[in-house]
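> Input: one structure, supplied below.
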């Protein structure tokens, strides 16, 4: 009976470290939650296009199918075997980020995509988030006895800084800040001493304050004009109201949805979306405006509730992980999802400056969707190997 209820790794990838998993240990809760959030994403994208342009929906559905297939395969491969090649993962990450700077396509003043033909592009910075989690999950675990040594902290900062510099050069400041926060939290979660944390904060806070003052100067060279304008529009809304129209209309759309929303695929003449008042990026960065207007407060809470449960499942996988490597991997994915949801919703509700961070599993974009599915595949594998406590 048990033999029939097992998933044998070598049936899929014979080169991987052989292990046998029991089907009853598979995290079906997380799997169902991912199906729900992706299903909502496809419905919302279809509604954002008024149900007329099926290409965006088909593209997202194909990405979902590919992502689920990849996630399932990854979930059956021992993560500790894959992470033996962590330096190769790091090198591949750097190679992709260099490639986008050398041969990437430029859109709206940013060079963030690589054309792979048939009208498809990949965005390496989205995959860099997952590669970074994989690398530092292994790197920090194999060096756990050196975590509080200053030389090791410096080496870690250099390794983290190389891909961050390449991403910033695209330029993609929002993703740079996101990955910086993700990496810092992973380092803290790895067990660095509180004394070292206090010293680093004492150094970082004045530097950050000086940087904020510097970017306000007319001759500053740190940020591009459009990046500075977004920050100024957030800090001084009355002086830059013409630059806040995307966020202002997003807030109006969310508020107009009231309790239950106007309904997906609605043809209401009072709809901000139907009147073309929302940004062209409404299926990407401002997708939450569609959720708020068409699904209302209740629908928005349901979407955020599903995200909350997915993040909880990642943290639970971290708690019951068999080793530090698995714990760091799941923690990294939980933090990544938390930061992306917080930033995306924060931008749509004017709590944060305008950035280009997608809403996980919902915003249109194959690179984001497939890379996140890959990360969740690792979480599922860690869950399969959980230690009962």
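In the numbering used here, the protein residues as written are 414 to 802.
Glycine is no exception: its CB is placed at the ideal position from the N, C-alpha and C atoms.
The structure presented is a predicted model; accordingly, all values stated were derived computationally and were not measured.
Using C-beta distances below 8 Å, list every residue in its chain close to residue 803, excluding the 5 sequence neighbours before and after it, in chain order.
Missing from the structure shown is residue 803; the chain here goes from 414 to 802 and no further.
> Quick check: the Cα distance between residue 619 and residue 433, rounded to an integer number of angstroms?
The straight-line gap from Cα to Cα measures roughly 52 Å.
> With residue 732 as the anchor, note down where its alpha helix (DSSP H) starts and where it stops.
Note, residue 732: alpha helix (DSSP H), 700-732.
> Considering only DSSP beta bridges, list what residue 532 is partnered with.
Partner(s): none; residue 532 has no beta bridge.
> List, from N- to C-terminal side, the alpha helix (DSSP H) runs of 4 residues or more that fit wholly inside the stretch 588-647.
Qualifying alpha helix (DSSP H) stretches, in chain order: 607-628.
> How far does the alpha helix (DSSP H) with residue 569 in it reach, from first residue to last?
Its alpha helix (DSSP H) spans residues 563-581.
> With distance defined between alpha-carbon atoms, name the residue in 481, 540, 494, 728 nearest to residue 508.
The residue with the shortest Cα to Cα distance from residue 508 is 540.
> The beta strand (DSSP E) spanning residue 360 covers which residue range?
One cannot answer for residue 360 here, as it falls past the ends of the chain, which runs 414 to 802.
> Whole beta strand (DSSP E) runs in the stretch 472-517 with 3 or more residues, listed along the chain?
Complete beta strand (DSSP E) runs here, min 3: none at all.
> Could you have a look at residue 525 and say whether DSSP puts it in helix, strand or coil?
Strand at residue 525.
> Is the beta carbon of residue 759 less than 9 Å from the beta carbon of residue 595?
Not closer than 9 Å, so no.
> Work out the CA separation of residue 629 and residue 504 for me, nearest whole Å.
Approximately 36 Å between the Cα atoms of the pair.
> For the alpha helix (DSSP H) containing residue 661, name the first residue and the last one.
Looking at the DSSP string, the run of the alpha helix (DSSP H) that includes residue 661 is 658-669.
> When the Cα atoms are used, what is the spatial distance from residue 736 to residue 548?
Residue 736 and residue 548: Cα-Cα distance of roughly 15 Å.
> What are the start and end residues of the alpha helix (DSSP H) that includes residue 795?
Note, residue 795: alpha helix (DSSP H), 779-797.
> Going by DSSP, what residues sit across from residue 519 in a beta bridge?
Note: residue 519 sits in a beta bridge opposite 524.
> Could you tell me the alpha carbon to alpha carbon distance between residue 790 and residue 761, rounded to whole angstroms?
When rounded, the distance between both Cα atoms is 29 Å.
> Let's test the definition: count the other Cβ atoms within 10 Å of the Cβ of residue 797 and tell me whether it reaches 16, buried, or not, exposed.
With 16 or more Cβ atoms within 10 Å of its Cβ, residue 797 is classed as buried.
> Please check the pair residue 678 and residue 519, which I expect to be a contact at CB under 8 Å, by giving their CB distance rounded to whole angstroms.
Between residue 519 and residue 678 the Cβ distance is about 35 Å, and since that is not below 8 Å, they are no contact.
> Drop a sphere of 10 angstroms on the beta-carbon of residue 784, count the other beta-carbons inside from all chains shown, and report buried for 16 or more, exposed for fewer.
Buried is the call here.
> Looking at C-alpha atoms only, which residue of 568, 554, 525, 599 is the closest neighbour of residue 580?
The residue with the shortest Cα to Cα distance from residue 580 is 525.
> Looking only at its own chain, which residues have a Cβ that is under 8 Å from the Cβ of residue 559, when we skip the five neighbours before and after it?
Cβ within range, chain order: 565.
> Measure the Cβ-Cβ separation of residue 550 and residue 741 and say whether it is below 9 Å.
The answer is yes: Cβ separation under 9 Å.
> Buried or exposed: which applies to residue 868, given that a residue is buried once 16 or more other Cβ atoms fall within 10 Å of its Cβ?
Look at the range of the chain in this structure, 414 to 802, and you will see that residue 868 is not part of it.
> Distance, Cα to Cα, residue 706 vs residue 568?
Whole-angstrom Cα-Cα distance: 47 Å.
> Suppose the cutoff is 7 Å on Cβ atoms and the five residues either side in sequence are ignored; what does the same chain contact list for residue 711 look like?
Excluding sequence neighbours, residue 711 sits near 672, 673.
> Cβ atoms of residue 772 and residue 480: under 9 Å apart, would you say?
In this structure, residue 772 does not lie closer than 9 Å to residue 480 by Cβ.
> For residue 582, which of 492, 733, 523, 591 has the nearest alpha-carbon?
Nearest C-alpha to residue 582: 523.
> For the 8 Å Cβ check, are there 3 or more pairs between the stretch 712-720 and the stretch 447-458?
Segments in contact, yes.
> What number of angstroms, rounded off, separates the C-alpha of residue 780 from the C-alpha of residue 534?
Whole-angstrom Cα-Cα distance: 8 Å.
> Residue 624: buried (16+ other C-beta within 10 angstroms of its C-beta) or exposed?
By the neighbour-count rule (16 or more Cβ atoms within 10 Å), residue 624 is not buried but exposed.
> What does a CB cutoff of less than 7 Å around residue 786 pick up in its chain, not counting 5 residues either side in sequence?
Within the same chain, residue 786 has close Cβ partners 480, 481, 483, 484.
> My assumption, with CB atoms under 8 Å, is that residue 496 sits in contact with residue 738. Please give the rounded CB distance.
With 8 Å as the limit, residue 496 and residue 738 qualify as a contact, their Cβ atoms being about 6 Å apart.
> How many whole angstroms separate the CB atoms of residue 529 and residue 537, which I take to be in contact at a CB cut-off of 8 Å?
Between residue 537 and residue 529 the Cβ distance is about 11 Å, and since that is not below 8 Å, they are no contact.
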